[in-house]
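> Protein chains in written order, with the working numbering: chain G, 64 to 169; chain F, -6 to 111.
(1) Only counting the same chain, and skipping five residues up and downstream in sequence, which positions put a Cβ closer than 6 Å to that of residue -4 of chain F?
(2) In whole angstroms, give me the CA-to-CA distance for residue 132 of chain G and residue 6 of chain F.
(3) Determine contact between the stretch 73 to 84 of chain F and the stretch 97 to 111 of chain F, defined as no fewer than three beta-carbon pairs at a distance below 8 Å.
(4) Give the single residue among G:108, G:136, G:79, G:74 whose Cα lies nearest to the Cα of residue 151 of chain G.
(5) Assuming contact is defined by CB atoms lying nearer than 8 Å, are residue 106 of chain G and residue 164 of chain G in contact in what I supplied?
(6) Using a beta-carbon distance cut-off of less than 7 Å, what residues from the stretch 54 to 72 of chain F approach chain G?
(7) So the candidates are G:138, G:166, G:86, G:155; which of them puts its Cα closest to the Cα of residue 122 of chain G?
(8) For residue 92 of chain G, which beta-bridge partners are listed by DSSP?
(9) Note down, one range per segment and in chain order, each beta strand (DSSP E) of at least 3 residues found wholly within the stretch 108 to 152 of chain G.
(10) Contact defined as beta carbons within less than 8 Å: I believe residue 147 of chain G pairs with residue 78 of chain G. What is the distance between those atoms, to the nearest angstrom?
(11) Any beta carbon of chain G sitting closer than 8 Å to that of residue 99 of chain F?
(12) From G:135, G:68, G:126, G:118, pick the residue whose C-alpha is nearest to that of residue -6 of chain F; which is it?
(13) If contact means a Cβ-Cβ distance below 9 Å, which residues of the stretch 104 to 115 of chain G contact chain F?
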């Protein structure tokens, strides 16, 4: 099973600040997917195929990476971006998720 | 608009069974793999089961294999999860999710809570 490790576990950012969340895989994966989950809500697909934004996702978000290291970046933090973000892989079964990164507003 | 609505959750004793349902609308249900993903309280996401478009193929992680069964009724646009021999560690919110390209979860239901406790 491929283990995904996200860092940091929690991060606080001010509006306008740049934020980067990292996801490291225990083995190489072809693509990484990212989900946003707000408190009390279900997850939403946010980024797919490593760098493609899901429908409705603001272009201040971006994704990058390859092999065992991937990242999600917010160019300029906005209030609505406060949420928990999860990475996910399915290069091998079982699909696995990272432990999540909670992004808080400073 | 894609909608996934789960039902059937509740409080159940350890060792007992429970069946979850998911009603899908807004897309051609029979064209998509479907899945269940769960989230224990204050914890992360865990994949529970996947079923192919026809229902002929099913996939499970070791943690639920032999105890959980995923099924579907394409005529009713419905997905199911039969959970047997429930354990306290199965306590979680269970989400019904549509899969895209068999590798990611592009739409999620609102979730249904399952609590396994005596």
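Positions of the beta carbon are idealized from the N, C-alpha and C atoms, including for glycine.
According to the data block:
(1) 18, 19
(2) Between residue 132 of chain G and residue 6 of chain F, the alpha-carbon positions lie close to 42 Å from each other.
(3) yes
(4) For residue 151 of chain G, the closest C-alpha among the options G:108, G:136, G:79, G:74 is that of G:108.
(5) no
(6) 54
(7) G:138
(8) Residue pairing of residue 92 of chain G in beta bridges, as defined by DSSP: absent, with no partner found.
(9) With a minimum length of 3 residues, the continuous beta strand (DSSP E) runs that stay inside the stretch 108 to 152 of chain G are 124 to 129, 132 to 137, 146 to 152.
(10) Residue 147 of chain G to residue 78 of chain G, Cβ: 19 Å. No contact.
(11) yes
(12) G:118
(13) Those would be 104, 105, 106, 107, 108, 111, 112, in chain order.
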